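Undergrad: For the sequence shown, the UniProt record's numbering begins at 1 and goes up steadily by one.
Don't be surprised by glycine CBs; every beta carbon is placed ideally from N, CA and C.
Computed from a prediction, not measured in an experiment: that's the story for all the values here.
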Amino acid sequence: MKLGLGIDTGGTYTDAVLMDLETGSIIEKSKSLTTHSNLVTGITKSIEGLSESHFKDVKFTSVSTTLATNTTLEGKGYPCGLILIGYSISGDLPVSDVLEIRGGHDADGNELDDPMKDLKELREFIRETKGSVASYAVSSFFSVRNPEHELLIKEKIAELTDQPVVCGHELSRALGVYERTLTAVLNAQLIPVTNQFVRSVLSVMEDKNIDSNLMIMKCDGSLVNIEEALLRPVESIFSGPASSLVGASHLTGDKTCVTIDVGGTSTDISMIVDGIPNISDTGATVGGWKTMVRAIQMTTSALGGDSHVWVCQGMNIGPRRVIPISLAAVEFPELVEKMKSMEIPSERVLDSVVQGTAFFSKLPYSSRLSDISLSNYEQAVLDAISDVDETPSTIYDIANKLGDHPLMFTKILDSLVLKRCVSQIGFTPTDALHVLGKYSNWNSEAAELGAKILADYLTLSPEEFCRRVQLSVSEKMAADLISFFAPYLKPEDVNRLVLNSPFTKFKITTPVILIGAPVRAYYEDFCNLLDAEVVLPDFYDVGNAVGALVGDVIFRTNVLIRPKSIGSLAYVAFDDTGRYEYETSEEAVSKSEEKIRELIQTHMTKYGLPDSSVKIDIKREDIQAGFSTENPLEIKLFGIGVGTPRKTDTDSPKRPSSETAESVHL
Numbered sequence: 001m002k003l004g005l006g007i008d009t010g011g012t013y014t015d016a017v018l019m020d021l022e023t024g025s026i027i028e029k030s031k032s033l034t035t036h037s038n039l040v041t042g043i044t045k046s047i048e049g050l051s052e053s054h055f056k057d058v059k060f061t062s063v064s065t066t067l068a069t070n071t072t073l074e075g076k077g078y079p080c081g082l083i084l085i086g087y088s089i090s091g092d093l094p095v096s097d098v099l100e101i102r103g104g105h106d107a108d109g110n111e112l113d114d115p116m117k118d119l120k121e122l123r124e125f126i127r128e129t130k131g132s133v134a135s136y137a138v139s140s141f142f143s144v145r146n147p148e149h150e151l152l153i154k155e156k157i158a159e160l161t162d163q164p165v166v167c168g169h170e171l172s173r174a175l176g177v178y179e180r181t182l183t184a185v186l187n188a189q190l191i192p193v194t195n196q197f198v199r200s201v202l203s204v205m206e207d208k209n210i211d212s213n214l215m216i217m218k219c220d221g222s223l224v225n226i227e228e229a230l231l232r233p234v235e236s237i238f239s240g241p242a243s244s245l246v247g248a249s250h251l252t253g254d255k256t257c258v259t260i261d262v263g264g265t266s267t268d269i270s271m272i273v274d275g276i277p278n279i280s281d282t283g284a285t286v287g288g289w290k291t292m293v294r295a296i297q298m299t300t301s302a303l304g305g306d307s308h309v310w311v312c313q314g315m316n317i318g319p320r321r322v323i324p325i326s327l328a329a330v331e332f333p334e335l336v337e338k339m340k341s342m343e344i345p346s347e348r349v350l351d352s353v354v355q356g357t358a359f360f361s362k363l364p365y366s367s368r369l370s371d372i373s374l375s376n377y378e379q380a381v382l383d384a385i386s387d388v389d390e391t392p393s394t395i396y397d398i399a400n401k402l403g404d405h406p407l408m409f410t411k412i413l414d415s416l417v418l419k420r421c422v423s424q425i426g427f428t429p430t431d432a433l434h435v436l437g438k439y440s441n442w443n444s445e446a447a448e449l450g451a452k453i454l455a456d457y458l459t460l461s462p463e464e465f466c467r468r469v470q471l472s473v474s475e476k477m478a479a480d481l482i483s484f485f486a487p488y489l490k491p492e493d494v495n496r497l498v499l500n501s502p503f504t505k506f507k508i509t510t511p512v513i514l515i516g517a518p519v520r521a522y523y524e525d526f527c528n529l530l531d532a533e534v535v536l537p538d539f540y541d542v543g544n545a546v547g548a549l550v551g552d553v554i555f556r557t558n559v560l561i562r563p564k565s566i567g568s569l570a571y572v573a574f575d576d577t578g579r580y581e582y583e584t585s586e587e588a589v590s591k592s593e594e595k596i597r598e599l600i601q602t603h604m605t606k607y608g609l610p611d612s613s614v615k616i617d618i619k620r621e622d623i624q625a626g627f628s629t630e631n632p633l634e635i636k637l638f639g640i641g642v643g644t645p646r647k648t649d650t651d652s653p654k655r656p657s658s659e660t661a662e663s664v665h666l
C-alpha cells in the first residue's frame, strides 16, 4: 500500500491525514492545537496522533502552512538588503538597507543605462550589509520586459556572498514595479524562516521514519517541491484556503464547486472550476502589503470558531479573535471557580474589552510584534497582568493592582492585545456549541458559566443566547457567500432582501461544500437560508489537510507579443526567459507556443512527471487595430500545465535530509 501524509497548520488546529494514494480514500486523521510560537510542535503532535505502523508506507508528504502569512502579518521576516536598478521607490517598503544604481530598460526591453557603472557602489553595499542581512532582493525597471540586469546583479552579489538573492522578475511577470519590488522583499525576508521550518519538518519525518518526498501547498492551489518552496516562500501565503478548496473538490468529487471554510479565525470562500482553482485578477494582500503573488480568488471575513462573542447594546460577534473560555479552562481549571465568584462589570461600561467573560494573560516575548515600544503606562498595565503560566487576570484584577478604574486603561489593554503582548480569553461560538451540546472537546462548565454571564445582560437563558450565536454565525456564512457571488450588493441589502425575507432565497447553481471543524453545527440553519445544494462531506473537519495532499502541480506562464515598432511587421515576444525578436507575428506565436510547452515540460520533469501525464492548455488573446484582422497590436498567450505527482508511476525525487536542507543556498 502506498500512503500519502497531508498536514495543515491552521489558526487553531494542526491536522494530519493518511490517504491511500491508489484509491484516494482517507485511512486515518488526527488533530492537535496549533502552536503559534513554534509550528513544528503542533505538527509533531498531530503526526503522533496517527498510527506509527503506517509510516513505513508513506511515499508522499505535503504541507499547508500559515508560516508565511503569520511571519508577514507580525513583521517578523528576517532583514534583507534591496538593490534598485534604474529607479527609486516612492512608496513604503519593509526594508531599511537600500541601494539605488543605474540601469533598467524601457517598455520594449531596450537598455536605458549600464548597471556596471555602479559596480563599485554595489560591492561596497554588499560588504557593509552582508553581516546584518539574511538575504538580498533585486528589482530592475521593466525587468518583466528584459531581466538581464537583475540576473547580472544577482550574479555579482553571488560572487561576494553566499546569501540568497531574489529577483523581481522571478516572482511575477506583471507590470507594477512597486508591487513587484515589495513581493521580492517579502520573499527575501521569508527565505530563512521557511528554511528553518522545512528543516524542522524534515527532522520530524526522520524521527518518525517517514521516508518520502516533501511538497508544500501554494496559495494558487498547486504543489511545489521543497527546493522551489525555499526559493519562493512568499507564494505559500494563504495556502490554507487553497488547501480547503482543493480538499473539498476531492472529498466530494465535484470538479466545479464553491467552498466555505470555517476555521478558528476566519471564514474563507473560494471556487474551483473544472478542477482548477479560480485565480484572483489582483495579487494577494497580507498585513496591508499588496503583493504580486498569484493567489486563489477568495472572500475572507473575520468569522470563526474563536471569534469574540461580546455584549454591548446587543450581541456582537467578532471581529477580534480570542481564546475560548472552554479551552482556557482546560489549562487553568481554577477559572471555573473564579467565574462563580468574580465581580461582573455593569452593562453601562461594557465594550469589546470590558466584558464579564474577559480574562487576560501575558504572551511570551517571542510572540510580540517586532520593533514595538511601550509607553510607561502600557508597561504598568502589562506588569499588572498574569504571566503566561499563571491564572489569567480579570479586568478587576488588573484594576486592583493599578489602583485605577477599568475605564482608565481599557484602550491601553486593547493596544497591548494588538501588539501581541497580551492574549485575551473570552466567549466564542465554540463555547456556545459546548452549551448546546454540539461540541464537547473542552470544559463545558466554563462555557455554561460564560453563557449565563452574557445572557443575563440580555435577559435571556444561556441556551437562548447560545442559540442566537449559532444562528448568527449561519447567517453571516450565508451573507458572505452571497457577497462572493454578488460583490456589488451592499451588506445591508443582502440582509434586508435575502436573509430577512421569508419569500426570497438566493439561488446558487453549483454545489456548496462546507469545510472546517465546526461546520456541522451550522449546516441545518445554513441550508434553510439558501436555495443551494449544500454538501457536508466525510472528513469535512480535516479538509485542508486532505487538500494539501491531493493538490496538483500547476505551472502557469504567459507571453506578451507586440510589434517591434509602430508600423513594423517584425514582432517582439516577452516571456519568462527574456526578450526575443521575430520577423512576423505568426512566427512569434508559433515559437512562443513551443517555448510555453518546453517551459511546462521542463518544470514537470522536476517532479518526475512524464509528458504523457501532463495536461497543457494554451489560450490566445488578440488586440486588433480598428477592424483589421491582420498584424495585431498585441497578442497574449496564456499557458497552463497540470500534473498529478501522487499518481505518476515515475519515481518522484526523494526528500533531502534535514542536514542537506540546512546547507541549501538559493
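(1) Which two residues bound the contiguous alpha helix (DSSP H) that contains Cys-466?
(2) Rounded to a whole number of angstroms, what is the C-alpha to C-alpha distance between Val-388 and Leu-33?
(3) If you pair each beta-carbon of the segment 485-500 with each one of the segment 273-282, do three or more pairs fall below 8 Å?
(4) Quick check on Gly-81: does DSSP put it in helix, strand or coil?
(5) Roughly how many angstroms separate the alpha carbons of Asp-102 and Lys-117, rounded to a whole number?
(6) For the segment 507-577, which segments carrying the alpha helix (DSSP H) assignment without a break, of at least 4 residues, lie completely within its bounds, in sequence order?
(7) Can you give me the C-alpha to C-alpha distance between Pro-192 and Tyr-78, rounded to a whole angstrom?
(8) Identify which residue in Ala-137, Ser-472, Leu-175 and Tyr-178 has its Cα closest to the Cα of Val-185.
(9) I need the DSSP call for Ala-447, collapsed to helix, strand or coil.
(10) What is the DSSP secondary structure of Ser-657, reduced to helix, strand or coil?
(11) Do Ser-139 and Val-177 count as a contact pair if the criterion is CB distance below 9 Å?
(12) Nearest to Arg-496 by alpha carbon, out of Ser-326, Lys-45, Cys-219 and Leu-529?
(13) Please classify Lys-595 as buried or exposed, where buried requires at least 16 neighbouring CB atoms within 10 angstroms.
(14) Could you spell out the range, first to last residue, of the alpha helix (DSSP H) harbouring Asp-414?
(15) With a 10 Å radius around its C-beta and 16 neighbouring C-beta atoms as the bar for buried, classify Gln-355 as buried or exposed.
(16) Quick one: is Val-435 buried, meaning 16 or more other Cβ sit within 10 Å of its Cβ, or exposed?
(17) What residue range is occupied by the uninterrupted beta strand (DSSP E) comprising Arg-321?
(18) In angstroms with no decimal places, state the Cα-to-Cα distance between Lys-338 and Leu-374.
(19) Of the choices Arg-468, Val-553 and Leu-569, whose alpha-carbon is the least far from that of Asp-525?
(20) Can you tell me which of Ile-269, Thr-259, Pro-324 and Ser-222 puts its alpha carbon nearest to the alpha carbon of Arg-294?
(21) Between which residues of its own chain and Gln-189 is the CB-CB distance below 6 Å, once the five residues before and five after are set aside?
(22) Which partner residues of Ser-30 appear in the DSSP bridge assignment?
(23) Cα separation between Asp-207 and Ser-239?
(24) Please return the same chain residues whose Cβ sits closer than 7 Å to the Cβ of Thr-428, not counting the five positions on each side in sequence.
(25) Taking the continuous beta strand (DSSP E) assigned at Gly-4, which residues delimit it?
(26) Ignore the nearest five residues each way along the sequence and tell me which others in Pro-406's own chain have a CB closer than 8 Å to its CB.
(27) Would the segment 590-608 count as touching the segment 545-558 if we require 3 or more Cβ pairs under 8 Å?
(28) Keeping to the same chain, check which residues put their C-beta closer than 6 Å to that of Gly-263; ignore five residues upstream and five downstream.
(29) Under 7 Å Cβ to Cβ from Ile-157, same chain only, skipping five residues before and after it: list those, please.
(30) Check whether the segment 86-95 touches the segment 198-217, taking contact to mean three or more Cβ pairs, one atom from each stretch, closer than 8 Å.
(31) Would you tell me roughly how many angstroms separate the C-alpha atoms of Ala-16 and Pro-364, rounded to the nearest one?
(32) Express the C-alpha separation of Asp-274 and Ser-53 in angstroms, rounding to a whole number.
(33) Run the CB neighbour count on Ala-329, radius 10 Å, all protein chains shown included, and call it buried at 16 or more, exposed below.
(34) Within the same chain, show all residues whose beta-carbon is closer than 6 Å to that of Phe-332, passing over the 5 residues directly before and after it, in chain order.
(35) Here's the rule: buried if 16 or more other CB atoms are within 10 angstroms of the residue's CB, otherwise exposed. What is Thr-71?
(36) Terminal residues of the continuous alpha helix (DSSP H) containing His-250?
TA: To lay it out plainly:
(1) On the sequence shown, residue 466 is found 466 positions in, with the first residue counted as 1. Residues 462-485.
(2) Taking the sequence shown and counting its residues from 1, the one referred to as residue 388 is at position 388. Taking the sequence shown and counting its residues from 1, the one referred to as residue 33 is at position 33. Looking at the two C-alpha atoms, the distance is approximately 17 Å.
(3) The segment 485-500 vs the segment 273-282: no contact.
(4) Start at 1 with the first residue of the sequence shown, and residue 81 comes out as number 81. Here Gly-81 sits in strand by DSSP.
(5) Residue numbering aside, residue 102 sits at position 102 when the sequence shown is read from its first letter. Residue numbering aside, residue 117 sits at position 117 when the sequence shown is read from its first letter. Looking at the sequence itself, residue 102 is Arg, so the reference to Asp does not match. Whole-angstrom Cα-Cα distance: 7 Å.
(6) Every alpha helix (DSSP H) of 4 residues or more that sits fully in the segment 507-577 is shown, in chain order, as 523-529 and 543-550.
(7) For this step, residue 192 is matched to residue 192 along the sequence shown. For this step, residue 78 is matched to residue 78 along the sequence shown. Between Pro-192 and Tyr-78, the C-alpha separation is close to 7 Å.
(8) Along the sequence shown, one-based indexing puts residue 185 at 185. From the listed residues Ala-137, Ser-472, Leu-175 and Tyr-178, the smallest Cα separation to Val-185 is found for Ala-137.
(9) Position 447 of the sequence shown, counted from the start, is the residue given in the question as residue 447. The answer is helix: DSSP assigns Ala-447 an H, G or I state.
(10) Here residue 657 refers to the residue found at position 657 of the sequence shown. Confidence at Ser-657 is low in this model, with a pLDDT of 49, below 50, so its placement is unreliable and the value that follows should be read with caution. In the structure shown, Ser-657 falls within a coil segment according to DSSP collapsed to helix, strand and coil.
(11) Numbered from its first residue, the sequence shown carries residue 177 at position 177. Numbered from its first residue, the sequence shown carries residue 139 at position 139. Yes.
(12) Here residue 496 corresponds to residue number 496 of the sequence shown, with the count starting at 1. Checking every option, the nearest Cα to that of Arg-496 belongs to Leu-529.
(13) The count along the sequence shown starts at 1 and reaches residue 595 at position 595. Within a 10 Å sphere around the beta-carbon of Lys-595 sit 16 or more other beta-carbons, which makes this residue buried.
(14) The residue given as residue 414 occupies position 414 in the sequence shown. Here the alpha helix (DSSP H) through Asp-414 covers 410-418.
(15) Taking the sequence shown and counting its residues from 1, the one referred to as residue 355 is at position 355. Taking every protein chain shown into account, the CB of Gln-355 has 16 or more other CB atoms within 10 angstroms, so this residue is buried.
(16) Locating residue 435 in the sequence shown gives position 435, where the first residue counts as 1. Burial is judged here by how many other beta carbons sit within 10 angstroms of a residue's own beta carbon; Val-435 has at least 16 and is buried.
(17) By 1-based counting over the sequence shown, the position of residue 321 is 321. Where Arg-321 is concerned, the enclosing beta strand (DSSP E) starts and stops at 315-321.
(18) Locating residue 338 in the sequence shown gives position 338, where the first residue counts as 1. Locating residue 374 in the sequence shown gives position 374, where the first residue counts as 1. Distance between the alpha carbons of Lys-338 and Leu-374 is about 30 Å.
(19) As a working note, residue 525 is residue 525 in the sequence shown. Selected option, being the one with the closest Cα: Arg-468.
(20) Reading the sequence shown from its first residue, position 294 is the one you call residue 294. Of the candidates Ile-269, Thr-259, Pro-324 and Ser-222, the one whose C-alpha sits nearest the C-alpha of Arg-294 is Ser-222.
(21) On the sequence shown, residue 189 is found 189 positions in, with the first residue counted as 1. Within the same chain, Cβ atoms closer than 6 Å to the Cβ of Gln-189 are found at Gly-77, Tyr-78 and Cys-80, the five residues on either side in sequence being excluded.
(22) For the purposes of this step, residue 30 is taken as the residue at position 30 of the sequence shown. Bridge pairing for Ser-30: Ala-16 [DSSP].
(23) As a first step, residue 207 is located in the sequence shown; it is residue number 207 there, counting from the start. As a first step, residue 239 is located in the sequence shown; it is residue number 239 there, counting from the start. Their backbone Cα atoms lie some 26 Å apart in a straight line.
(24) Taking the sequence shown and counting its residues from 1, the one referred to as residue 428 is at position 428. Within the same chain, Thr-428 has close Cβ partners Gly-305, Asp-306, Ser-307, His-308, Val-309, Val-322 and Pro-324.
(25) Locating residue 4 in the sequence shown gives position 4, counting from the first residue. Start and end: 3-9.
(26) For the purposes of this step, residue 406 is identified with residue 406 of the sequence shown, where counting begins at 1. Closer than 8 Å at Cβ, skipping near neighbours: Pro-345, Val-349, Val-354, Ile-395, Tyr-396, Ile-398 and Ala-399.
(27) Yes: at least three Cβ pairs fall under 8 Å.
(28) Sequence index remark: in the sequence shown, residue 263 carries index 263 (1-based). Same-chain partners within the cutoff: Gly-10, Gly-11, Gly-304 and Gly-516.
(29) Stepping through the sequence shown from its first residue, residue 157 is reached at position 157. Once the five neighbours on either side are set aside, the close Cβ partners of Ile-157 are Ile-126, Tyr-136 and Val-165.
(30) Taking 8 Å as the limit for Cβ pairs, the verdict is that the segment 198-217 does not touch the segment 86-95.
(31) Counting from 1 along the sequence shown, the entry for residue 16 is found at position 16. Counting from 1 along the sequence shown, the entry for residue 364 is found at position 364. One C-alpha to the other measures close to 27 Å.
(32) Numbered from its first residue, the sequence shown carries residue 53 at position 53. Numbered from its first residue, the sequence shown carries residue 274 at position 274. The straight-line gap from Cα to Cα measures roughly 37 Å.
(33) On the sequence shown, position 329 is the one that residue 329 refers to. So Ala-329 counts as buried.
(34) The residue given as residue 332 occupies position 332 in the sequence shown. Contacts found: Thr-391.
(35) Taking the first residue of the sequence shown as 1, we reach residue 71 at position 71. Label assigned to Thr-71: buried.
(36) To locate residue 250, count along the sequence shown from 1; it is residue 250. First-last of the alpha helix (DSSP H) with His-250: 239-252.
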